[in-house]
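For the sequence shown, the working numbering begins at 61 and goes up steadily by one.
Below is one structure; the comments refer to it alone.
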Amino acid sequence: MSTLEAAAVEIAGARKDMLRIATAGSVDDGKSTLIGRLLYDSKAVFEDQYEAIARASRGDHVDLSLLTDGLRAEREQGITIDVAYRYFTTPRRTFVLADTPGHVQYTRNMVTGASTADLAIVLVDARKGMLEQSRRHAFLASLLRVPHLVVAVNKMDLVGWSEGVFTAIRDEFTAFAARLDVPEVTVVPISALAGDNVVTASQNMPWYDGPSLLHHLEHVEVASDVNHTDLRFPVQYVIRPQSEAHRDYRGYAGTVASGVLHVGDAVLVLPSGRTTTVAGIDSPSGPVERAFPPMAVTVRLADDVDVSRGDLLCAADTAPTVTQDLEAVVCWMTDEPLRDRRKLVLKHTTRSVRAVVRSVHHRLDVNTLDHDVEAGELGLNDIGRVTLRTTQPLFVDDYASNRATGRFILVDEATNATVGAGML
């Protein structure tokens, strides 16, 4: 195989990767402008879209932030309120961008956007340096176990492309990140408005010899972030066609949350505790010999065992913890406070059970990282440690080792609204 062919194979394989990105930062740091610049410079904006935002722009330049700030209130105030998702593809990789809001009252939206992210971009205004909101979002990214953190020092054009300003912010953030559990931190100087160092290298910062932002996003390694050791397959649906062609077919559909499932593997079914063997794995494109995250497949078992929605297939030697008592870090998302003895519906993977709050241990100050043990309750956008008791056992892992089975949401029984998100 020639060098050119090898490169083509590498690019084709890499393009199958999907990188989920959450952007965060303080108000007016330029998050939406950065995403607009990434979309525009990577040729992901249609001509009519560009013409529309050019007409809607105020000032002497095209406001690329309008590509993501779609709500009328967002455009009027020049801020982000909701979580906006945008998709774009380069020859090397597919990206899902979540533009999350910077205001403290929208912390819940930040948690929503970052909960499934592989990488978080925290923007810092070069003129203002590190602010409380920058620290808060970096902490939330570490709390949500986002494996990769990129600090984009934006608006370098407004500080004269100063290396000293960049170095001071980089050193301050690196010292703060040392207190957090962040596996990898990368700091990049950019100008989202001018496009410097976003997609292509900047001519205005010859002192910076690192990669551009997009180059880093294309090449960051995320395959090793997935837990391929502990098999977890939550059953979402039981498929029984009962047709002439598939008279005796019984399959269990779901998405592989972690681990690798092979035909012939012995699996443990929870909560029954029965063991059986994988007879076959069917994918949308036909039978396959193995399945891995995030493949959606239908698993056929060798024995007739009682399996229904909410059950879990796993390996017997790496089984999750089966428990009704949960201790978790909860982000509260509604106006009515979370207090002791409150009853809720807890949804974990594909399993929904009723739960009661046993105790609110403390509320976390995301700015100082201090614990307020006198709080007694969690208000809107508060984060704290809570103990819950469920009516039925759940099959859980520590969030640090398995994000898929270490998280849950809390639902109000009366309104069916999602009121909280938890990490075990």
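Idealized CB from N, CA, C, for every residue including glycine.
Every value quoted in this text rests on a predicted model; they were computed, and no experiment measured them.
Sequence-distant Cβ neighbours of Val348 in its own chain, meaning closer than 6 Å and more than five residues away, are Ile341. Here DSSP, grouped into helix, strand and coil, assigns Lys188 to coil.
Three or more beta-carbon pairs drawn from the stretch 184-195 and the stretch 225-237 are found closer than 8 Å, and the two stretches are therefore classed as touching.
For Phe236, the closest alpha carbon among the candidates Leu209, Glu434, Gly220 is that of Leu209. Here the alpha carbon of Glu473 sits roughly 24 Å from the alpha carbon of Val382. Asp457 places its beta carbon less than 9 Å from that of Arg292.
In this structure, Leu98 keeps its C-beta atom at 9 Å or more from the C-beta atom of Val206. In this structure Arg350 is in contact with Val320, their Cβ atoms being roughly 6 Å apart against a cut-off of 8 Å.
As a beta-bridge residue in DSSP terms, Thr478 pairs with Val471. Cβ neighbours of Asp430 within its own chain (closer than 6 Å, five residues either side excluded): none. If you check the CB distance, Asn257 and Leu240 do not come in under 9 Å.
Nearest to Asp178 by alpha-carbon distance, out of His279, Lys407, Glu223, is His279. Taking the Cβ atoms as the reference, Leu406 lies roughly 6 Å from Val413, within the contact range of under 8 Å.
Residue range 223-237 is occupied by the alpha helix (DSSP H) that includes Val225. Residue Leu218 holds the alpha-carbon nearest to the alpha-carbon of Ala252 among Pro243, Leu218, Asp285, Ala283. Cα atoms of Arg153 and His275: separation of roughly 11 Å, rounded to the nearest angstrom. Taking the Cα of Gly444 as reference, the smallest distance to any Cα among Thr172, Val420, Arg467, Ala180 is reached at Val420. Your pair Ala415 and Leu404 checks out as a contact, with CB atoms roughly 5 Å apart and the cut at 8 Å.
The straight-line gap separating the alpha-carbon atoms of Gly173 and Ala464 is approximately 15 Å. Under the 10 Å beta carbon count, Asp159 is surrounded by 16 or more other beta carbons and is classified as buried.
Straight-line measurement puts the Cα of Phe468 at about 15 Å from the Cα of Thr451.
Val357 and Asp308 have their C-alpha atoms spaced approximately 18 Å apart. With contacts defined by Cβ atoms closer than 9 Å, Thr83 and Val211 do not form a contacting pair. With respect to the 9 Å criterion, Val446 and Val389 are classified as neighbours on the basis of their beta carbons.
In the assembly as shown, His408 is a buried residue. Its beta-carbon has 16 or more other beta-carbons within 10 Å.
Burial check for Gly324: the Cβ neighbour count within 10 Å stays below 16, so the residue is exposed. Taking a contact as a CB-CB distance under 8 Å, the pair Ala376 and Thr336 does not count as one, their CB atoms being some 11 Å apart. The alpha-carbon separation between Val316 and Met355 amounts to approximately 6 Å.
Per DSSP, Asp101 is one residue of the alpha helix (DSSP H) stretching across 91-101.
Residue pairing by DSSP places Arg80 opposite Val156 in a beta bridge. Taking C-beta atoms under 8 Å as the contact rule, Gly436 and Thr410 fail to qualify, at a distance of about 33 Å. One thing to note: Leu448 has its Cβ no nearer than 9 Å to the Cβ of Arg401. Bounds of the alpha helix (DSSP H) holding Leu274 are 273-279. When the alpha-carbon of Ala460 is set against those of Ser368, Val242, Pro151, the nearest one is in Val242.
In this chain, the beta strand (DSSP E) harbouring Val213 covers 208-214.
For Glu349, there is no enclosing beta strand (DSSP E), as DSSP marks it with neither H nor E.
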